[in-house]
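Residue numbers (our numbering): 6 to 130. Down below is the structure, laid out as structure tokens.
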């Protein structure tokens with residue numbers, strides 16, 4: 006049976022811009038980067054060296070050639086233990102963030118990557 010979520014693919018317009026966004030603005034680490042033929046690179050980033058789950062930053066153009074119906078943006082929810090620090094850190098790094106919402110069931114905010122894809126960060130305590 007399934008025991009972990011391994012990888013989530015995000016289709017990006019420019020892999021180098023996406024890598025810079027996730028590493029420099031979000032604070033992720035580079036987990037893997039290797040060529041996949043003449044027009045594609047396998048590129049994975051994650052929250053830390055020890056985290057198993059990664060984002061695969063895959064070329065949208067390459068996937069549109071391979072399987073056009075697969076190109077969609079997943080709904081990805083990230084977790085943090087300090088929502089206030091994460092919010093201020095992303096704003097400081099120039100990330101486009103939505104309003105910080107503090108609800109009875111949890112605190113969260115949305116943010117956008119370099120391609121305008123939207124994600125949700127919520128606090129887990």
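Ideal Cβ positions, reconstructed from N, Cα and C, are used throughout, including at glycine.
Taking DSSP as the reference, what is the three-state secondary structure of residue i?
i, result
"residue 65", "helix"
"residue 88", "helix"
"residue 9", "coil"
Between which residues of its own chain and residue i is the CB-CB distance below 7 Å, once the five residues before and five after are set aside?
i, result
"residue 53", "34"
"residue 75", "68"
When you compare the CB positions of residue i and residue j, do they come within less than 9 Å of one another, or not?
i, j, result
"residue 118", "residue 27", "yes"
"residue 124", "residue 83", "yes"
In the DSSP assignment, what are the bridge partners of residue i?
i, result
"residue 47", "39"
"residue 95", "Beta-bridge pairing links residue 95 to no other residue."
"residue 16", "63"
"residue 115", "125"
"residue 101", "117"
Here's a check: name, in chain order, each residue in its chain whose Cβ is nearer than 8 Å to the Cβ of residue i, leaving out the five neighbours to either side.
i, result
"residue 11", "57, 58 and 59"
Once the 5 residues before and after residue i are set aside, which same chain residues still bring their CB inside 6 Å of it?
i, result
"residue 49", "36, 37, 59 and 61"
"residue 63", "14 and 16"
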